[in-house]
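A quick write-up on the structure given underneath.
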Amino acid sequence: MISGLVLERHDRSNAQAQSCAMKVMDRAFDPAFGEAWTASQLAGIMALQGTWLTLAKLDAATLGFCLTRSIFDEAELLLLAVDQGWRGRGIGSSLIRDCLTVARGRGIKSVHLEVRATNNAVQLYNKSGFNHVNTRRDYYRGADGQLYDAMSLRLDL
10 MISGLVLERH DRSNAQAQSC AMKVMDRAFD PAFGEAWTAS QLAGIMALQG
60 TWLTLAKLDA ATLGFCLTRS IFDEAELLLL AVDQGWRGRG IGSSLIRDCL
110 TVARGRGIKS VHLEVRATNN AVQLYNKSGF NHVNTRRDYY RGADGQLYDA
160 MSLRLDL
C-alpha cells in the first residue's frame with residue numbers, strides 16, 4: 010500500500026464523497042465502453058440501505074473508490090476504479106481488501122461482481138480470490154456498437 014493512503018468509508022449519501030468518486034470515474038473509465046455511472050445513478054444507489062462507498066485518498070487527492078451494496082448475507086461489488094496515473098500501486102487491492110473486511114464484519118457470506126471480460130481488472134479480481142461463475146456472451150455494448158462478454162465472479166467469505 011502507498012504510504013499515507015487513507016481509506017475513507019461512507020455508509021450514507023454524502024454529496025462531497027460522491028463528487029470525489031465521480032471525478033475518479035471520469036478519469037478512470039474509458040468512454041468507449043460506457044461503464045461509468047452518472048451522478049444521479051451514484052446518488053440513487055447511495056440512498057439505499059446496505060450500500061457503502063470507500064474512497065482511497067492521498068493527502069487531499071482521491072485516487073480511487075469502491076462501491077458495494079449488500080442484501081441479507083450477500084454483497085455485490087458494483088464499481089471499482091483507480092485513477093489511471095495511480096494504477097499498479099496496490100490501491101485497487103487495498104480497496105478490495107477493505108470491501109471484504111467490511112463485508113465480513115456485516116455477516117456477508119459471499120461477494121459477487123460483474124466485469125467486462127476484456128477489462129484488465131479481471132486479473133486483480135482473480136488475484137483477490139474471486140472465482141469465475143458464468144460468462145454472459147455479448148452482454149455489454151461499447152460506444153462503437155461492439156459487443157463484449159461479461160464475466161460473473163464470486164468470492165465466498
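If you want this note's numbering, it's the position in the sequence shown, counting the first as 1, plus 9. Don't be surprised by glycine CBs; every beta carbon is placed ideally from N, CA and C.
- In the three-state scheme derived from DSSP, where H, G and I count as helix and E and B as strand, Thr110 is classed as helix.
- Fewer than three pairs of CB atoms, one per stretch, sit closer than 8 angstroms, so the segment 128-136 makes no contact with the segment 62-79.
- Sequence-distant partners of Ala90 (beyond 5 residues in either direction) whose C-beta falls short of 7 angstroms from its own C-beta, in its chain, are Val33, Met34, Ala37, Phe38, Gly73, Phe74.
- In its chain, beyond the 5 residues on either side, Phe38 have a beta carbon closer than 6 angstroms to the beta carbon of Glu44.
- In this model, Gly138 and Gly116 are separated by some 18 angstroms (Cα to Cα).
- In the DSSP assignment, Leu16 is bridged to Ala65.
- Shortest Cα-Cα distance from Ser49 to any of Leu87, Met31, Thr63 involves Met31.
- Under the three-state reduction of DSSP output, Leu57 falls in the coil class, being neither helix nor strand.
- Ranking Ala52, Ser12, Ile11, Lys136 by CA distance to the CA of Ser22 puts Ala52 first.
- The C-beta distance from Leu104 to Thr63 rounds to 6 angstroms, short enough to meet the 8 angstroms contact threshold.
- Pairing Asp158 with Ser12, the inter-Cα distance amounts to about 37 angstroms.
- In the DSSP assignment, Asp165 is bridged to Ser119.
- For Asn140, no alpha helix (DSSP H) segment is defined; the enclosing uninterrupted segment is the beta strand (DSSP E) at 140-150.
- The C-beta separation of Trp46 from Val111 comes to about 20 angstroms, leaving the pair out of contact by the 8 angstroms criterion.
- When the Cα atoms are used, Gly154 and Ala24 turn out to be separated by approximately 33 angstroms.
- Within a 10 Å sphere around the beta-carbon of Gly97 sit fewer than 16 other beta-carbons, which makes this residue exposed.
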